[in-house]
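Here is the structure we will look at, set down as structure tokens.
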Amino acid sequence: MNRRIGVIPQMSSIESILDEAKHQERTVLTYEESRKVMKLAGIPLNKMKVANNLEESILKAKEVGYPVALKIISEDVIHKSDSGGVRVGIKSDDELSKSYEEMLTSVLSFYPDAKIEGVSVEEMVSGVELLIGTSTDEQFGKMIAFGIGGVFVEVYKDVSFRLIPVTSKDIQNMIDEIKGKTMFGGFRGMPKVNLDELTSMILTISKLIEKYPIIREMDLNPVVATESGLRVIDARIILEQKED
Ligand SMILES: Nc1ncnc2c1ncn2[C@@H]1O[C@H](COP(=O)(O)OP(=O)(O)O)[C@@H](O)[C@H]1O
Ligand SMILES: [Mg+2]
Numbered sequence: 012m013n014r015r016i017g018v019i020p021q022m023s024s025i026e027s028i029l030d031e032a033k034h035q036e037r038t039v040l041t042y043e044e045s046r047k048v049m050k051l052a053g054i055p056l057n058k059m060k061v062a063n064n065l066e067e068s069i070l071k072a073k074e075v076g077y078p079v080a081l082k083i084i085s086e087d088v089i090h091k092s093d094s095g096g097v098r099v100g101i102k103s104d105d106e107l108s109k110s111y112e113e114m115l116t117s118v119l120s121f122y123p124d125a126k127i128e129g130v131s132v133e134e135m136v137s138g139v140e141l142l143i144g145t146s147t148d149e150q151f152g153k154m155i156a157f158g159i160g161g162v163f164v165e166v167y168k169d170v171s172f173r174l175i176p177v178t179s180k181d182i183q184n185m186i187d188e189i190k191g192k193t194m195f196g197g198f199r200g201m202p203k204v205n206l207d208e209l210t211s212m213i214l215t216i217s218k219l220i221e222k223y224p225i226i227r228e229m230d231l232n233p234v235v236a237t238e239s240g241l242r243v244i245d246a247r248i249i250l251e252q253k254e255d
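First residue of the sequence shown: 12, per the numbering used here; consecutive thereafter.
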């Protein structure tokens, strides 16, 4: 995987990122673009650097600081961990080299034709894994989802939905509807979820979708509630084919 990533467009505003994708007739934003939209909207993310090969990954890991997580970046790999495309708790250059090779071998065995755009070297974060998502319903329009996140989201299905825009009161009710909400209060030594910060993050997402209805789907999973606040550690944005 030594080929270079194409020139990355200037991503100075949310508009320019969405315009660039539209211009290229892409409906799926790259991982970097999706994260940049979040950052520009004021949503906190974990530290992340992109690398194009092993040597670069090792350099980026020094910048991020061990321990790091390593993830595949490919538009052909939607659920990265299902194909071995997420490695966590990497503590040294040696471990990184091993994880890098293993990760690529695994992903390419699942998706032999996958176009690998790079890898991300990321700060490790731990805490309660939540999700915030948005979708577009043919009948009802823009919806927002909140719930227990992580890789078992399909197993628990502990998610509440509302139409966009939502108010703080709506969000309070959404949180109350979650069956596993005892987890938010600091369960078994896990960090507590800061409900004010969570409410403000859900409000921000609701406003973002109101302002940019071209965003068809957004998947922030997980949003991790850490000791020092919320951090988005995986983001995916899909645009409408055509703007209404
Ligand atoms: N930076 C990280 N720190 C700690 N755990 C992580 C990190 N990145 C991913 N993980 C773990 O791996 C899981 C899957 O990672 P994610 O980036 O959401 O990939 P995908 O959803 O595509 O499988 C997360 O739910 C989390 O448990
Ligand atoms: Mg994810």
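C-beta atoms are modelled at their ideal positions from N, C-alpha and C, and glycine is treated no differently.
Is the closest heavy atom of ligand 2 to the C-beta of residue i under 8 Å?
i: H34; result: no
i: D230; result: yes
i: D105; result: no
i: S92; result: yes
So residue i packs on residue j, CB below 8 Å; how close in whole Å?
i: A236; j: L141; result: 6 Å
i: V48; j: I69; result: Incorrect: roughly 29 Å between the Cβ atoms, too far for contact.
i: Q252; j: T38; result: 6 Å
i: I226; j: L250; result: 6 Å
Whose C-beta lies closer than 6 Å to the C-beta of residue i among residues of the same chain, with five residues either side of it excluded?
i: F172; result: M154, A156
i: G138; result: P202, V235, A236, T237
Residue i: beta carbon under 8 Å from a heavy atom of ligand 1?
i: M201; result: no
i: I89; result: yes
i: M135; result: yes
If you draw a straight line from the C-alpha of residue i to the C-alpha of residue j, how long is it?
i: A62; j: K180; result: 42 Å
i: S108; j: I83; result: 14 Å
i: R199; j: A52; result: 33 Å
i: E149; j: S103; result: 48 Å
i: E43; j: I101; result: 21 Å
i: P233; j: E31; result: 26 Å
i: V75; j: K60; result: 7 Å
i: E165; j: K33; result: 31 Å
Where does residue i fall in DSSP's three states?
i: S171; result: strand
i: M12; result: Because M12 carries a pLDDT of 48, less than 50, the predicted location of this residue cannot be relied on, and no value is offered for it.
i: G17; result: Only weak support is given to the placement of G17: the predicted model assigns it a pLDDT of 48, under 50, and the question is left unresolved by the model.
i: G76; result: coil
i: I101; result: strand
i: K153; result: strand
Could you pull out every residue in the same chain whose Cβ sits closer than 7 Å to the Cβ of residue i, ignoring the five residues on either side in sequence?
i: I189; result: G158, I159, D169, S171
i: Y122; result: D87, V88, S94
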